[in-house]
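The structure appears below as structure tokens.
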């Protein structure tokens, strides 16, 4: 048998096998266990929660008809709850904006420095991501502690910048600082990956044509990095809006967020329908922001740079 | 440092970057510094040096039990999410069936769903089912939130596999399982390992799902730490935190060794 004969025989048998065993079709079945698991323990529970939120809980704690939208109305009508809702949105927006402004320089340096510098910055940015949020919140509690024992106050007073300790802990500011710390990597990473994909020749060209550094950034780098910005903003916003630990540790009673309100309604008040309604409002907000950013990415054809 | 940055712009960039690096490190370094403070309350600046708080933590029944529970839970979660996730990733990359994009979206949807709500919804279903064992409930909840990470990393590494090698193995008479085991798996091993490590770390640190499904008998580390934070004011809390930070550091270095951090996270 010559070599070409062998090759024909081989391709022949491959073709035969291909028709007997369809790899594409049968590979699809491998997703079934995961699909069933998620359908039962994720999708079905979410639907269940949706139903609880529009039903009524009787005095025995059993949830059933009549159907009502009263729980959603309560979130809008009761001043205390409405305030928590707006607080959550405000904290999430401010945190995301701050993260954007501060992440751009870090991402730029990360992408355009020597490999060694890139590696160190990446490690410092990512490492805290894997440390428990409780630990990081605790660290900020120690830094921001009201009274002269807090690190920040100790530094400020030792340097005679302030005479009396400043009170940041248990305010919205503390929650924003903590959230920024926890979710900052979620902004840096997509930005860095978008910046890394920009053709350096474009910036060089702008520079050679006489554009100053800030103009190069505003007219070339910034527009081309929009996909990373949109992705990062969406991530930071969604995660901040859904947080529980940071407001619980750093916000105290004055900066309660939706997550804390849900926990209160379920564990303290045992009002499942209302807790479920708040949870679904949170899901709605997160989905709206995600949907909007997808629409931005596709509608404005920012996709090609991601 | 780099010809691309010069002048005022460069100074601003480096100044902000340095400030952010300090911002990121400060709370963790402070926690570590305070954990060896020889004082009965957590104060700044830390005083003296002692390891007695570590000794106290290591003899703390609650903490040891929580540690054991968390490690076992994270191991179980890793195994579970790999068992469900790797075949699913295989199906997504190699499958060719209608609606594959929708199925991918569905499988990854726990990533954008607020984890707090995932846990709450699961609690409602599990308590209706009468599932009383907190350990089992936690395992189910953790697999729900970690499996998308496994699917994502394994999908990325499967896309890099040269299918010709698999075809060659099949042509040469290897069975499907053998081909997967001997040809495909070695090529995606680092992706699978990264996904597994990710699942372990996400499970170990998880709070938003855990807070609903744990009970007083079975409380993982983050919950115990949260409770200590409110009730205990001596440096044993920073000592516990430092132990957690050091464990995370080991995880990060492992991940960096396995696949490189950027790739593991940006996948």
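Chains as they are written, first to last, in this note's numbering: chain A, 3 to 308; chain B, 9 to 275.
Glycine residues also receive a C-beta, built at the ideal position from the N, C-alpha and C atoms.
Remember, predicted model here, so these are calculated numbers, not experimental data.
Cβ-based burial, residue i [other Cβ within 10 Å; buried from 16]
i, result
"residue 305 of chain A", "Confidence in residue 305 of chain A is poor, its pLDDT being 47 and thus under 50, which makes the residue's placement too unreliable to answer from."
"residue 109 of chain A", "buried"
"residue 143 of chain A", "buried"
"residue 26 of chain B", "exposed"
"residue 249 of chain B", "buried"
"residue 261 of chain B", "exposed"
"residue 164 of chain A", "exposed"
"residue 235 of chain A", "buried"
"residue 300 of chain A", "exposed"
"residue 267 of chain A", "buried"
"residue 294 of chain A", "exposed"
"residue 153 of chain A", "buried"
"residue 131 of chain A", "buried"
"residue 81 of chain A", "exposed"
"residue 88 of chain A", "exposed"
"residue 291 of chain A", "buried"
"residue 70 of chain A", "exposed"
"residue 19 of chain B", "exposed"
"residue 135 of chain B", "exposed"
"residue 220 of chain B", "buried"
"residue 265 of chain B", "exposed"
Partners in chain A for residue i, counting only beta-carbon separations shorter than 8 angstroms
i, result
"residue 109 of chain B", "Neighbours of residue 109 of chain B on chain A: none; closest Cβ ~13 angstroms, over 8 angstroms."
"residue 253 of chain B", "133, 137"
"residue 24 of chain B", "104, 107, 108"
"residue 245 of chain B", "140"
"residue 17 of chain B", "215, 216, 219"
Beta-carbon gap between residue i and residue j smaller than 8 angstroms
i, j, result
"residue 37 of chain B", "residue 261 of chain A", "no"
"residue 82 of chain B", "residue 208 of chain B", "yes"
"residue 166 of chain B", "residue 98 of chain B", "yes"
"residue 110 of chain B", "residue 159 of chain B", "no"
"residue 54 of chain B", "residue 44 of chain B", "yes"
"residue 238 of chain A", "residue 188 of chain A", "yes"
"residue 35 of chain B", "residue 127 of chain B", "no"
"residue 77 of chain A", "residue 84 of chain A", "yes"
"residue 323 of chain A", "residue 118 of chain B", "Look at the range of chain A in this structure, 3 to 308, and you will see that residue 323 of chain A is not part of it."
"residue 210 of chain B", "residue 162 of chain B", "no"
"residue 68 of chain B", "residue 57 of chain B", "no"
"residue 2 of chain A", "residue 243 of chain A", "Since the first residue shown for chain A is 3 and the last is 308, residue 2 of chain A is missing from the structure and cannot be characterised."
"residue 70 of chain B", "residue 232 of chain B", "yes"
"residue 169 of chain B", "residue 148 of chain B", "no"
Chain-ordered neighbours of residue i on chain B, where CB pairs are closer than 9 angstroms
i, result
"residue 95 of chain A", "Result: empty, since nearest Cβ-Cβ is about 16 angstroms, beyond 9 angstroms."
"residue 164 of chain A", "Simply none; closest approach about 16 angstroms."
"residue 50 of chain A", "129, 132, 133, 136"
"residue 254 of chain A", "Going along chain B, no residue has its Cβ under 9 angstroms from residue 254 of chain A, so there is no contact; the nearest lies around 11 angstroms."
Under 7 angstroms from the C-beta of residue i: neighbouring residues of chain B
i, result
"residue 292 of chain A", "120"
"residue 153 of chain A", "38, 52"
"residue 281 of chain A", "125, 128"
"residue 117 of chain A", "Chain B residues near residue 117 of chain A: none, gap ~11 angstroms exceeds 7 angstroms."
"residue 47 of chain A", "129, 130, 132, 133"
Neighbouring residues, chain A, relative to residue i (Cβ below 9 angstroms)
i, result
"residue 32 of chain B", "126, 127, 129, 130, 183, 186, 187"
"residue 237 of chain B", "136, 139, 140, 143, 251"
Within chain A, the residues that residue i reaches when beta carbons sit closer than 7 angstroms
i, result
"residue 157 of chain B", "What residue 157 of chain B touches in chain A: nothing, since even the nearest Cβ is about 12 angstroms away."
"residue 126 of chain B", "44"
"residue 148 of chain B", "43"
"residue 194 of chain B", "What residue 194 of chain B touches in chain A: nothing, since even the nearest Cβ is about 19 angstroms away."
"residue 92 of chain B", "35, 36, 39"
"residue 76 of chain B", "Within chain A, no residue comes near residue 76 of chain B; the closest Cβ sits about 17 angstroms away, beyond 7 angstroms."
"residue 83 of chain B", "Neighbours of residue 83 of chain B on chain A: none; closest Cβ ~17 angstroms, over 7 angstroms."
Listed by chain order, chain B residues near residue i by CB distance under 8 angstroms
i, result
"residue 309 of chain A", "The question about residue 309 of chain A has no answer, for chain A in this structure spans 3 to 308."
"residue 295 of chain A", "None at all; the shortest Cβ gap to chain B is about 11 angstroms."
Query raised in the report: Is the segment 247 to 254 of chain A close to the segment 169 to 183 of chain A, with three or more CB pairs under 8 angstroms?
Result: yes
Report task. Count the C-beta pairs between the segment 224 to 244 of chain A and the segment 196 to 216 of chain A that are closer than 8 angstroms, then say yes if the count reaches three, no if not. Result -> yes
Report task. Please list the segments of the alpha helix (DSSP H) lying wholly inside the segment 34 to 113 of chain A, counting only runs of 4 or more residues, in order along the chain. Result -> 34 to 40, 46 to 55, 72 to 79
Report task. Would you be able to state if there are at least three C-beta pairs under 8 angstroms between the segment 209 to 224 of chain A and the segment 95 to 105 of chain A? Result -> no
Query raised in the report: Taking one C-beta from the segment 71 to 91 of chain B and one from the segment 194 to 205 of chain B each time, how about it: are there three or more such pairs within less than 8 angstroms?
Result: yes
Query raised in the report: Given 8 angstroms as the limit, is there contact between the segment 28 to 48 of chain A and the segment 152 to 163 of chain B, that is, 3 or more CB pairs closer than that?
Result: yes
Query raised in the report: If we count Cβ pairs, one from each stretch, closer than 8 angstroms, do we get three or more for the segment 276 to 285 of chain A versus the segment 112 to 125 of chain A?
Result: no
Report task. Flag this pair as touching only if the segment 232 to 249 of chain B and the segment 148 to 163 of chain A have three or more C-beta atom pairs under 8 angstroms; answer yes or no. Result -> no
Requested in this report: Mind checking the segment 42 to 70 of chain B against chain C and listing, in chain order, the residues whose C-beta falls within less than 9 angstroms of any C-beta there?
Outcome: Note that chain C does not occur in the displayed structure, where the protein chains are A and B.
Query raised in the report: Whole beta strand (DSSP E) runs in the segment 201 to 270 of chain B with 3 or more residues, listed along the chain?
Result: none
Query raised in the report: Is there contact here, the segment 178 to 197 of chain A with the segment 141 to 157 of chain A, by at least three beta-carbon pairs under 8 angstroms?
Result: yes
Query raised in the report: Can we say the segment 61 to 75 of chain B touches the segment 126 to 139 of chain B, given the rule of at least three CB pairs closer than 8 angstroms?
Result: no
Query raised in the report: What are the start and end residues of each continuous alpha helix (DSSP H) run of 4 or more residues lying completely inside the segment 196 to 258 of chain A, in chain order?
Result: 202 to 210, 215 to 218, 228 to 243
Query raised in the report: On the three-pair Cβ rule with 8 angstroms, is the segment 194 to 201 of chain B touching the segment 118 to 128 of chain A?
Result: no
Query - Contiguous alpha helix (DSSP H) assignments of at least 4 residues, all confined to the segment 64 to 136 of chain B - result: 69 to 102, 108 to 116
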